[in-house]
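Sequential numbering from 1 applies to the sequence shown in the UniProt record's numbering.
Where a beta carbon is used, it is the ideal one built from N, C-alpha and C, also for glycine.
In this text, all values refer to a predicted model and were calculated from it rather than measured experimentally.
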Amino acid sequence: MDLFEDDLLQEKKKVKKIGKGIIIAGVIVVILIIAVVVAIGYFQSKQLGTYIDGVATAFSADTYYVEDSGKIYLSIKNLSSSLNYNYYNGEYGKASEDARKGFVEPIEGEGEAVSFEANSKKIYKNILSVSSTTSKEKAANYMYIDEPIKYINGNLYTTIEGINELFNVKIAYDEVNNKIVIYSLPYLVQTYTTQIANYGYKEISAEFVNQKALASDMIVVERENGKLGVINTEGKEIIGAKYDGITYLESTNEFVVENENKVGIVNNLGTTKIPLNYEDLELLDNDTGLYIAKSGDYYGVIDRNGNKIIHTEYDAIGIDQNLFQSKDITNPYLLYNNCIPVQKDEKWGIYDKSGKIILPIEFDMIGCVISSGQSGRANNAVILPDYEAIIVGKNMEENGQEVEKYAVYNALGNMLVPFMIDSIYYVTQNGEDVYEMEVADQTGNVDEVFKQNGIQKVKKDVVDTTTGGGNINIDSENIISNGNNQTTTESEGQTEENGTAQE
């Protein structure tokens, strides 16, 4: 073999080695590509996906917060716009930018404003739609979610169940595919509208308050004859379609049913809780399960089992919220979570929620309605929130003329100020309600006057009784002073019988 042949052989061996190297490298590249694809798929599967009304929706990383236990929390703010809601910091109805509080309301159309705050399970719902004025729970507009709202890095978060209640949506977590599936209320209405015909019904109730039942897998439906009933989303009957009217009570998951001008309560299992014995029923308080019951032309209060708490013999229950629009009045029928105002024969009094009298039925007015001659900035007042106090009035004779005089009682029925006030109201300054009172042509700030006379504010929702039970007689000549301390004595004619303060 000559040198040329030897060089050629070596070259062939070298090419063969290079070829093997290329093949091996190619195999490695293919393996790496497969590994990368698998890795991408793996990591994508670990990333939480969100689908709203069947459409994949991308959110920023701070939309989700996952605890070490695996519990998922969702940012209320980040989800809002995708669910057709506007999000605002602060308390609903008040000028505030407190990031630890917030509320949402629909961008357009029917719906409700929902407010919430950090570290609380309690949320408030205020119906906004005009066509939903038939709501039977307009006063008791609160409910509870499963866990307190969390405040994390400037955002408010809630659980999957909390999102369900806040936005009236159907929401579920698909653990296998690591995704959250959300169906909005309009989408649910549209979807089941096309299905109920198969169940033998004409249409879904058009009332927004009734459509909210869809978030709990129930549908208020109507037959061709106009009768209403309730079915579940699989078409199974819950309440037979034999009623003239049905109203869903979201906070108790019950229904007010109406037939032949009589109403009762049926729960979500189809069990009658209150027979159809009344002309009207309206939820007074969710926590205690109290209802305002109308029998004939009179009103009373019953519990969720139909037991009478306040006999149906009163002309009115609660205050007129059109007259008294303070944002501190969350329930016009239940002040300070205990006081139920009642009116009979043009006289007012107050019961507690167990049916005991706090103030006898002897007052001519509850609250002070300002006269037309007063400042347009002044607002009618019925409560003094910082003192857990209620304003009542009487027609009295003064200098041969009948005049209106007002007194202040606390929520226990103890008198704080006797019938000497000519007017008491509040004005809004820098977003805060400031209360003022007029006595003998003098005007003073309520906080200053009360402080001078030893009337203390309530602390942590407990009535401060350090002022002798509130039996204070303020010097009518010096009630509006320039900082001089006033001497307080026990008010004349004040007695208590069976827990009832009487004049």
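Task: Own chain, CB closer than 7 Å to Tyr248, minus 5 neighbours either side, in chain order - done: Val209, Asn210, Lys212, Ala213, Val220, Phe255
Open item on the list: Helix, strand or coil for Ser115? Go by DSSP, reduced to three states.
Closed with: strand
Open item on the list: If you reduce the DSSP assignment to three classes, tell me which class Ala389 lands in.
Closed with: strand
Open item on the list: Rounded to the nearest angstrom, what separates Ile182 and Ile171 at their Cα positions?
Closed with: Straight-line Cα distance between these residues: approximately 4 Å.
TODO: Quick one: grab the DSSP three-state call for Ser326.
DONE: coil
Open item on the list: Across the stretch 62 to 77 and the stretch 151 to 168, are there enough close Cβ pairs to call them in contact, namely three or more that are closer than 8 Å?
Closed with: A contact exists between the stretch 62 to 77 and the stretch 151 to 168.
Task: Simplified DSSP assignment, three categories, for Gly162 - done: helix
Task: Contact set for Met218: own chain, Cβ-Cβ below 7 Å, skip 5 residues either direction - done: Same-chain partners within the cutoff: Val230, Asn232, Ile238, Asn268.
Open item on the list: Quick check: what's the CA-CA separation for Asn225 versus Val266?
Closed with: Near 21 Å, if we compare the C-alpha coordinates of Val266 and Asn225.
Open item on the list: Contact defined as beta carbons within less than 8 Å: I believe Ser115 pairs with Ile123. What is the distance between those atoms, to the nearest angstrom?
Closed with: 7 Å
Open item on the list: Taking 6 Å as the limit between beta carbons, can you name the residues of its chain near Trp348, skipping five residues before and five after?
Closed with: Same-chain partners within the cutoff: Phe363, Ile366.
Task: Three-way DSSP call (helix, strand, coil) for Glu282 in this model - done: strand
Open item on the list: Using 9 Å as the threshold, is the C-beta distance between Ile319 and Pro341 below it?
Closed with: yes
- [ ] Spatial neighbours of Tyr87 within its chain, please: CB distance less than 6 Å, with the 5 preceding and 5 following residues excluded, ordered by chain position.
- [x] Lys77, Ser80, Val104
Task: Residues of its chain near Ala241, where Cβ-Cβ distance is below 8 Å and the 5 sequence neighbours each way are ignored - done: Tyr201, Val221, Glu222, Arg223, Lys227, Leu228, Gly229
Open item on the list: Given this structure, state the Cα-to-Cα distance separating Glu398 from Thr443, to the nearest angstrom.
Closed with: 19 Å
- [ ] For Pro275, count neighbouring Cβ atoms within 10 angstroms of its own Cβ and tell me buried if that reaches 16, exposed if not.
- [x] Residue burial is scored here from C-beta neighbours: Pro275 has fewer than 16 other C-beta atoms within 10 angstroms and is therefore classed as exposed.
- [ ] May I ask whether a heavy atom of the ligand SAH can be found less than 8 Å away from the beta carbon of Pro341?
- [x] Judged by which ligands are present, the structure shown has none, so any question about the ligand SAH falls away.
Open item on the list: Alpha carbons only, please: which of Glu388, Lys179, Asn338, Tyr387 is nearest the one belonging to Ser354?
Closed with: Asn338
Task: For Leu83, the three-state DSSP class (helix, strand or coil) - done: helix
Task: Inter-residue Cα distance where the pair is Ser184 and Tyr85 - done: 11 Å
Task: Sequence-distant residues of the same chain with beta carbon closer than 8 Å to Tyr426, five excluded per side - done: Ser326, Ala378, Asn379, Ala381, Asp433, Val434, Tyr435, Glu436
Open item on the list: In this structure, how does DSSP classify Glu207 when only helix, strand and coil are distinguished?
Closed with: coil
- [ ] Can you grab the Cα-Cα spacing for the pair Ser135 / Asn286, in whole Å?
- [x] Only weak support is given to the placement of Ser135: the predicted model assigns it a pLDDT of 45, under 50, and the value that follows is read from those uncertain coordinates. Rounded to the nearest whole angstrom, the C-alpha separation of Ser135 and Asn286 is 14 Å.
TODO: Give the single residue among Tyr51, Ser251, Tyr199, Asn331 whose Cα lies nearest to the Cα of Lys236.
DONE: Tyr199
- [ ] Starting from Thr247, follow its DSSP beta bridges and name the residues at the other end.
- [x] By DSSP's assignment, Thr247 forms a beta bridge with Val256.
Task: Interface flag, Lys236 vs chain C, CB-CB below 9 Å - done: Chain labels in this structure do not include chain C; a single protein chain is all it has.
Task: Per-residue burial, Ser423 [other beta carbons within 10 Å of its own, 16 or more giving buried] - done: buried
Task: 6 Å CB neighbourhood of Leu166 in its chain, flanking five on each side removed - done: Val114
Open item on the list: Does Lys170 come out as helix, strand or coil in the three-state DSSP assignment?
Closed with: strand
Task: Cβ neighbour criterion (16 or more within 10 Å) applied to Ile145 - done: buried
Task: Buried or exposed (CB count within 10 angstroms, at least 16 for buried), Lys308 - done: exposed
Open item on the list: Considering only their Cβ atoms, is the gap separating Gly306 from Asn277 smaller than 9 Å?
Closed with: yes
Open item on the list: In the DSSP output, what is Ile383 paired with across the bridge?
Closed with: Looking at the DSSP output, Ile383 sits in a beta bridge with Ile390.
Task: Own chain partners of Ala56 with C-beta closer than 7 Å, once the 5 adjacent residues on each side are dropped - done: Gly49
Open item on the list: In the DSSP output, which residue or residues are listed as bridge partners for Lys347?
Closed with: Lys344
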